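Q: Residue numbering for the sequence shown follows this note's numbering, beginning at 617 and increasing consecutively.
We put the beta carbon where it would ideally sit given N, CA and C, even for glycine.
From a predicted model like this one, the values you see are computed outputs, not experimental measurements.
Sharing a structure with you now.
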Amino acid sequence: MEKLKVLFATSEAVPFAKTGGLADVAGSLPAALAELGVDVRVIMPKYRSVKVSGSETTVGRNVHPVRITKDSASKMDISNRVKVWFVENADYYDRKELYGDKFGDYADNLDRFSFFSRQVLERCIKENFKPDIIHCNDWHTALVPVYLNTVYKYDPFFAKTRTLFTIHNIAYQGLFAKEEFPKMGLDWALFHIHYFEFYGKVNLMKAGIVYADAVSTVSPSYAKEIVTPEFGCGLEGVLQTRASNLYGILNGIDYGIWDPATDTGISRNYSAESPDDKYINKEALQKELGLKVDSDIPMIGMISRLADQKGMDLLAKIIGDILNKKIQLVILGTGDRRYHVLLEKMARAHPKNASMNLKFNMVPAQKIYAGADMFLIPSKYEPCGLSQMICFKYGTVPIVRRTGGLKDSVHEFDTKTKKGSGFTFAEYKPEAFFSAIKKALSAYQGKDQWRVLVKNVMALDFSWEVSAKEYVRLYSKIERLPAGTPTP
Ligand code: ADP
């Protein structure tokens, strides 16, 4: 039987460019698909951060971002390698950042990503790669299904090709002024409420949802949430029209990257067989950050975009109370200016037990995952969330709000049965968040039960194996939309 051919189109992928979880997914799901026998390619823009010569390379599992040195990406010896195609355009992509700078989003983002989406299809033709599925991700690639059903509608090259559009975060929709519509080279008739038009603006994600043969998102709970006004960010109506083709598949993580047994960024490797070695990492981190070296003091970690989505407004309300407890709080993050200001202020007020690291950097992230005892994820909404899965592998107990993928992956620890994997709260209120933290701190006092909890979480398996199989099943059942294009 011929292999299923999949092209994975993404605006970012580890180890080449990363601003968030999409890059982790794009850097690991394709390799897991390849292991299942899928003939998969990845395509992404060639940003300045891509240190590869030419417009193609291969990557595989066990590609640890910190092990990538300039020019080494193409020389690594890794099995199940996946071909990565880069779309080159120095004017568009050879920039310091991916989507914008301190002044905001780049003004030509619609040019940059409509060009990219056209190139996704052109590259298939150039390479004579006829995909069964083009797997598109977020608004940056939402135009691929649109072009396929308009410009390339009668092109026999794509006669068999179907599209899956995966929503990693519905809040980022790719909104542009109406005046920019002509940049995409499409008929003005598509600036219509059934296609691109969204409160007078051009909405790429909306068009992607309408035109893709199937739509998915990154957890079963988020798939249910986004069809409601509370979570749909205005797209709940259009998603309801796609309900029969809307799926939720939980992300996995790549244990080739996230594994304390092999992680070269931490002080001492450890595993479920040697969980106590985790505390060597904790003490090393305390020392490095200038905190009191004492493994009995509970260390609370947080690695996050500093944005309201991530529950920063909740944290802001209780951070003083948290820091008044006998704990150490270590935060790594970048994002909204006001949260930078707040965290810097907190670090100055609590030098003994607060360490605020306001940057985006892999190595400190690994050290915090390894060193912290517990970890905060109080998200307002969370499509999937990867941090809780990374925490599990590192024996770090997550304290999360029960929403989206967090609800699907973290289960309340029961001090009686000793079952469960974290501490949770439902209401988006500071008091609820604080009481979940207090539950965790109280459980930490019972050393034996904490040991059981750490053992529980380290035994969990959130590798890609299961989810990659679900994607293969989904790819196989996607049918082309009946008329090729949806009708108003
Ligand atoms: P997001 O909504 O930001 O994509 P996810 O939980 O899906 O959230 O993924 C976030 C990823 O980014 C995780 O791998 C996390 O460790 C990483 N991350 C977030 N902030 C930072 C930072 N400041 N430095 C390093 N890694 C970070």
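Need the endpoints of the alpha helix (DSSP H) that L1097 sits in, please.
A: That residue, L1097, is in no alpha helix (DSSP H); it is neither H nor E in DSSP.
Q: Looking at C-beta atoms only, is the number of pairs between the segment 822-841 and the segment 849-864 that lie closer than 8 Å three or more?
A: Judged by Cβ distances under 8 Å, the segment 822-841 makes contact with the segment 849-864, as three or more pairs qualify.
Q: With three or more C-beta pairs closer than 8 Å as the rule, is the segment 961-975 touching the segment 1047-1055?
A: Segments in contact, no.
Q: Rounded to a whole number of angstroms, what is the C-alpha to C-alpha distance between K1032 and T626?
A: Distance between the alpha carbons of K1032 and T626: 45 Å.
Q: Tell me whether M617 is buried or exposed, calling it buried when 16 or more other Cβ atoms sit within 10 Å of its Cβ.
A: The residue is exposed, with fewer than 16 neighbouring Cβ atoms inside 10 Å.
Q: Going by C-alpha to C-alpha distance, which of I916, E1081 and A888 sits closest to F991?
A: Cα-wise, what sits closest to F991 is I916.
Q: Decide if Y1087 is buried, meaning its Cβ has at least 16 other Cβ atoms within 10 Å, or exposed.
A: It is buried - the Cβ of Y1087 has at least 16 other Cβ atoms within 10 Å.
Q: Counting pairs of beta carbons, one from the segment 756-765 and one from the segment 842-852, are three or more of them closer than 8 Å?
A: Contact fails: fewer than three Cβ-Cβ distances are below 8 Å.
Q: Quick check: A839 and G864, are their CB atoms within less than 8 Å of each other?
A: Contact: yes.
Q: Give me the Cα-Cα distance between N897 and V909, rounded to the nearest whole angstrom.
A: Answer to the nearest angstrom: the Cα atoms are 11 Å apart.
Q: Please name the residue in R964, K942 and I993 whose C-alpha comes closest to that of R1018.
A: Out of R964, K942 and I993, I993 has the C-alpha closest to the C-alpha of R1018.
Q: For G1011, which of helix, strand or coil comes out of DSSP?
A: Correct three-state label for G1011: coil.
Q: Can you tell me the Cα-Cα spacing of I913 and K942, whole angstroms?
A: Those two C-alpha atoms are separated by around 7 Å.
Q: Tell me, to the nearest whole angstrom, how far the beta carbon of K746 is from that of T766; I am working on the premise that it is less than 8 Å.
A: Wrong, their Cβ atoms sit about 19 Å apart, outside the cutoff.
Q: The beta strand (DSSP E) with V831 in it runs from where to where?
A: Counting along the chain, the beta strand (DSSP E) containing V831 begins and ends at A830 to T833.
Q: Under 7 Å from any heavy atom of the ligand ADP, does the C-beta of T950 make it?
A: Yes, the Cβ of T950 comes within 7 Å of a heavy atom of the ligand ADP.
Q: When the distance is taken between beta carbons, is G1038 closer than 8 Å to V1013?
A: Contact flag set, yes.
Q: Taking the alpha-carbon positions, what's the G906 to S860 distance?
A: C-alpha separation (whole angstroms): 54 Å.
Q: Can you give, in chain order, each stretch of the beta strand (DSSP E) that sits fully within the segment 964-1051 and has at least 3 residues?
A: As far as the segment 964-1051 is concerned, its whole beta strand (DSSP E) runs of at least 3 residues are 970-973, 990-993, 1013-1017 and 1039-1041.
Q: Comparing C-alpha positions only, which one of C1007, F1041 and W804 sits nearest to M920?
A: Note on residue identity: the sequence assigns Ser, not Met, to residue 920. Nearest option by C-alpha distance: C1007.
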